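Chemist: Below you will find the structure I want to go over with you.
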Amino acid sequence: MAGWTEQKRAWKQQAREVASRPVFGWRVWLLPMFFWPLMLDLPVEIIRGNPKHLVGAMLGLGLSWYGASLMARGRRRQGAKLFGVAAGLAAGLAAGITPPIAVALGFGAWFGVRLLTDDLPEAVPEAPPEPVQAPTKPDLLDGPRAQLARIAGAAPTLPLGTLLLEAAGAMQGVVEDLEARPARLHEARRFLAVHLDGLSRIVDRLEAGAAPPGTLPSLLTDLAASARKLRSELRVAESEALDIQVKVLAERLRQEET
Numbered sequence: 569m570a571g572w573t574e575q576k577r578a579w580k581q582q583a584r585e586v587a588s589r590p591v592f593g594w595r596v597w598l599l600p601m602f603f604w605p606l607m608l609d610l611p612v613e614i615i616r617g618n619p620k621h622l623v624g625a626m627l628g629l630g631l632s633w634y635g636a637s638l639m640a641r642g643r644r645r646q647g648a649k650l651f652g653v654a655a656g657l658a659a660g661l662a663a664g665i666t667p668p669i670a671v672a673l674g675f676g677a678w679f680g681v682r683l684l685t686d687d688l689p690e691a692v693p694e695a696p697p698e699p700v701q702a703p704t705k706p707d708l709l710d711g712p713r714a715q716l717a718r719i720a721g722a723a724p725t726l727p728l729g730t731l732l733l734e735a736a737g738a739m740q741g742v743v744e745d746l747e748a749r750p751a752r753l754h755e756a757r758r759f760l761a762v763h764l765d766g767l768s769r770i771v772d773r774l775e776a777g778a779a780p781p782g783t784l785p786s787l788l789t790d791l792a793a794s795a796r797k798l799r800s801e802l803r804v805a806e807s808e809a810l811d812i813q814v815k816v817l818a819e820r821l822r823q824e825e826t
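In the numbering used here, the protein residues as written are 569 to 826.
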């Protein structure tokens, strides 16, 4: 029921928009009637087989009616220009008048149509549509950044706060390396999903009042060492990739020289 109500409301709005549009009167559609002699000339030129006069008559009639249709849609200036072109072509081709006089007749027709339709409103050009912004890709490191920020804020007041900060700092270094080299993000997915998430859960338990077990200090040390090892592996992978690229480029240069 609600959908039918919305549809009726849309129809009423559309009807109001149509009713509010300017309605152009008989002047617009009677302007092409000034070219009525060309209607009689068309069959005559077809019988005579005169292509120049036939083309001129067809262009004069076609452009005049097209200009009237433009003016009926509010494009008054474009329609007046088409009437001038139609008159000039009809005079020069269909009537065989010399070009200077045909051009003068075209300007006269344009000026006369402008005077006859000067009081008609000009159509307001539609505003260009707003450019559609491409959806931004989600940053996969937003979650790890938020976790590390929370750990760094909570660690000073918790037991083993120094070790917690050390582990969080090492992991922060991994995240910074991944920001600089996002192509290596897939190599650190397990680290972010297991190590960082595990450290975050440890902080949650300590904040809830849990007593740290005796193995926690060594675990935090191992987490920090694992983060440093991962950073080292990422740097080694980048160095290897650079070495391969240098070798390939050097080989191409040697091939070009030979």
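Note that CB positions come from ideal geometry on N, CA and C, so glycine has one too. Bear in mind the structure is a predicted one, so any value in this text is a computation, not a measurement.
In whole angstroms, give me the CA-to-CA distance for residue 713 and residue 641.
Modeler: Near 58 Å, if we compare the C-alpha coordinates of residue 641 and residue 713.
Chemist: Taking the alpha helix (DSSP H) that residue 754 belongs to, which residues open and close that run?
Modeler: Careful: residue 754 lies outside any alpha helix (DSSP H) and carries neither H nor E.
Chemist: Quick one: what does DSSP say residue 687 is sitting in, helix, strand or coil?
Modeler: In this structure, residue 687 counts as coil in the three-state DSSP scheme.
Chemist: Measuring alpha carbon to alpha carbon, tell me which of 815, 621, 757 ends up nearest residue 709.
Modeler: The candidate whose alpha carbon is nearest that of residue 709 is 757.
Chemist: Taking just the CA atoms, how far does residue 723 sit from residue 809?
Modeler: Taking the straight line joining both Cα atoms gives about 38 Å.
Chemist: Suppose you measure from the CA of residue 782 to the CA of residue 819; what does that come to, to the nearest Å?
Modeler: One C-alpha to the other measures close to 57 Å.
Chemist: Helix, strand or coil: which one does DSSP assign to residue 826?
Modeler: Correct three-state label for residue 826: coil.
Chemist: Is residue 681 near residue 598, with beta carbons less than 8 Å apart?
Modeler: Not a contact, by the Cβ cut-off of 8 Å.
Chemist: Kindly list the residues whose CB is nearer than 7 Å to the CB of residue 671, restricted to its own chain and excluding five residues on each side of it in sequence; keep chain order.
Modeler: Within the same chain, residue 671 has close Cβ partners 656.
Chemist: With H, G and I counted as helix, E and B as strand and the rest as coil, what does DSSP make of residue 784?
Modeler: Residue 784 falls in the helix class under three-state DSSP.
Chemist: Judging by CA-CA distance, which residue of 741, 726, 729 is the nearest neighbour of residue 797?
Modeler: It is 741 whose Cα lies nearest to the Cα of residue 797.
Chemist: What is the DSSP secondary structure of residue 614, reduced to helix, strand or coil?
Modeler: Helix at residue 614.
Chemist: How about residue 746 and residue 752: are their beta carbons less than 8 Å apart?
Modeler: Contact: yes.
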